[in-house]
Structure formats: C-alpha cells, structure tokens
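Chains as they are written, first to last, in our numbering: chain A, 984 to 1133; chain B, 984 to 1133. Heads up, the beta-carbon is just placed ideally off N, CA and C, and yes, glycines get one too. Quick caveat, the model's predicted, so the values are computed rather than measured. As structure tokens, the structure follows; a few thoughts come after it.
There are 2 protein chains.
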Amino acid sequence: MSKQSPAELTGTLAFQIGVLGTTITDLFAARIAPLGLKPKHAGLLALLANQGARSQAEAAEAMGVAPSLLVGLADRLQDLGALTRERDPGDRRRQVLALTADGTALLKSCNRIAEAIDTDLTADLDPADAAALRRALAAMTGFEPRRVLS
Amino acid sequence: MSKQSPAELTGTLAFQIGVLGTTITDLFAARIAPLGLKPKHAGLLALLANQGARSQAEAAEAMGVAPSLLVGLADRLQDLGALTRERDPGDRRRQVLALTADGTALLKSCNRIAEAIDTDLTADLDPADAAALRRALAAMTGFEPRRVLS
DNA sequence: CAATAATGATTCACAATATGAATGATTCAA
DNA sequence: TTGAATCATTCATATTGTGAATCATTATTG
C-alpha cells in the first residue's frame, strides 16, 4: 500500500516556507529589538545601504509598503540618527533618505544577528544542501511582488 | 579586489526566507480568500487532519497562538461546517474540534492551491536543487518555536 | 468531604501594524 | 497660467494578535 496520509497541506513548500519565514522573522525581531529596531527598519537600512539614497516614495515602492507607513519608519531611524532626511533641491517634494555612519553601524549589527540565525539554521545541514538552498532562494526570490520583512 | 558590497543583510538566509515567506503567505492568503479562509484557518484544518481531533487549548499550543485567538478560528470553521465542536464527555471543560467531510474537502482545496504555488516556485529550479530545498526545509523546520502560517 | 487551586473556553480591552483617503506643498503639462 | 499629477504627511479605520478577567468545570489537599 502507498502512504496513507501525505501530510495534507503541511507537506507543501508554500506552507513550510511560510511558517519558517514567520518563525525566523519573529526571532530576528526579538534579537534586534534591543537596538530599537523592528524588521522593517532593518529592511529600510539595507535598502539604503545596498541601493543608495532614495526618496520615501521610492523606498516604499521597493519595500512593497504604503508610503504612509514609510513616514514612521523614517521618523524612527532619523531619531536614532541612522539616516538623514533632506528635501531634494531639484524637486522639493521629495524627502531623500540617506544612511549615516550610525545607520551603517546599526545595519552591520542587524547583519551579524541575521548571520547568527543563519548559523543555527544551517547547523545540521549538509553543506551541499545549504548551497543548493541558497541557489533555490536566489531563483525563487524573483518571485512576483516584493515585500520587505515584517 | 574582492567584492565591495556583500549585499548587507539581504544576503542572509534569515532575511531571504523571511521575505519569501511573507510573499508566499500573502499570495496563499489571496488565493484561499474566495473559500472564506485565511492562512490560520487552513493551518487549523491541516492540524486536525494530520494529527486528529484536538481540544482548542491543544490546537492553540500546537499552532503557537493564544487560546483566545483559537475561539474565532474555530467559530469561523464551524460556521462553514468544516469542523464539529463538542464538549469532551470525560472533561466537560474541553471543546474538542474534529474535521467534517466538508472540512476535509476544504483542506484539499487549500492543498491544491498551495501545490499550484509550489509549481510556480520551482518552475525554473534545477530538480536536484528542488530536492535539496525540501531536505533543507525538513532540517530547518525542527527550528525553535512552532507557529502556523499567518 | 469541603475548600481551594488549576484548567479550559470565552469575552473584552488594548496594542501593534498596515492601509487608503484627505490635505497641503510643489512640480508638470497643456 | 491653469489644472492635473506627485510627494509627504496626517488621520480614520480595519485587521490581527495578546493578556486579563470571568465562568464553568475538574483536581488537589487538608
């Protein structure tokens, strides 16, 4: 006889990645909380670091969130001294966000925390499988809409 | 020279799985919405199907949510005729949830939807990498707390 | 056995998160 | 130059989740 119960739903990649993603994000959130950050703050820092200064509208678009949400994220990071927020002289409607040295340092801390989680995640994982996982993620991350860590 | 920018934060598994998980869960949520379900409803159906009837406290524990949240989930599924909710005769404090035939059918629909997402996800993925991905997920899914799809 | 503690389900008040509509400033197009 | 579009911001609102309080029931224990 074949297998009786094929682990309905929970056997799918969609379900497993969904659950694991939430678990990891919650853990990441707990570990960056002492820095005064939430995952979306870290996502914004990373965006600015990797893609350079951006207006709030551009950042919101890139992160897949409403522009109104970005106001609060930028407020917070500005309070922490992690970014500057200046009117674009060429178009004074735009608020241009740019990382400060403090922001870069903060991002590095987030990065270290994420890497520590990676270490735990891949602890009992065949190195070849870990490499394949990275390839698979790269292939899947071009998937449909973009949205940054919540 | 070595690579200048190592994709700060966004290069980590933690970040990538977090983002992908949210993206996938949002997509899954959109596709099961016509069934009148949200991801947590589907998670509860799957729990009952895969592990048998459970009290609400047990289900909440297994899903990693507050018992008070489970009340509403069970209400909804009961309204849809997807589960029965009966006092345990042996301990009349416990409400025991059990799948109905309609609930099983509903879960099968969710399963099909998740499988369709899997198909898209793995479309341009080396089959060997897809297999490795499954192994990696299996290894990582024993990770810390449990929480079901949100 | 009686009194007290613990457990399960439920309701409720509340916090956190996100959205979209409205507003005001500015820029673009006709 | 007038009207439409864009950007940032605020505000009202929806959604989601939690924990405290309550009530019924069951366990404990003096």
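Taking the CB atoms as reference points, tell me whether residue i and residue j lie closer together than 7 Å.
i	j	result
B:L1082	B:L1066	yes
B:A1119	A:D1112	yes
A:A1114	B:L1108	no
A:F1011	B:A1097	no
A:R1077	A:D1071	yes
B:A1042	B:L1030	yes
B:L996	A:D1101	yes
B:E1069	B:V1054	no
A:P1050	A:A1057	no
B:L1116	A:L992	no
A:M1046	A:G1026	yes
Using three-state DSSP, classify residue i as helix, strand or coil.
i	result
A:K986	Model confidence at A:K986 stands at a pLDDT of 44, short of 50, so the residue's coordinates are unreliable; what they give is reported in the following sentence. DSSP places A:K986 in coil when its eight states are reduced to three.
A:A1081	strand
B:E1069	strand
A:D1062	helix
A:D1074	strand
B:D1103	helix
B:A1045	helix
B:G1019	coil
B:E940	Since the displayed chain B opens at 984 and closes at 1133, residue 940 of chain B lies outside it and no answer follows.
B:T993	coil
B:S1092	helix
Please report the residue range of the alpha helix (DSSP H) in which residue i lies.
i	result
B:T1008	L996 to I1015
A:A1036	Counting along the chain, A:A1036 falls outside any alpha helix (DSSP H), and DSSP gives it neither H nor E.
B:D1112	P1110 to M1123
Sorry if obvious, but does the Cβ on residue i come closer than 6 Å to a heavy atom of the ligand ZN?
i	result
A:L1028	By its list of ligands, the structure shown contains no ligand whatsoever, and the ligand ZN lies outside what it can speak to.
**Request:** Could you tell me whether the stretch 1003-1016 of chain B touches the stretch 1026-1037 of chain B, where touching means 3 or more Cβ pairs closer than 8 Å?
**Result:** In the pairwise beta carbon analysis, the stretch 1003-1016 of chain B is classified as not touching the stretch 1026-1037 of chain B: fewer than three pairs are separated by under 8 Å.
**Message:** Quick test of the definition: if touching needs 3 or more C-beta pairs under 8 Å, does the stretch 1009-1021 of chain A touch the stretch 1084-1101 of chain A?
**Reply:** At 8 Å Cβ cutoff, the stretches touch.
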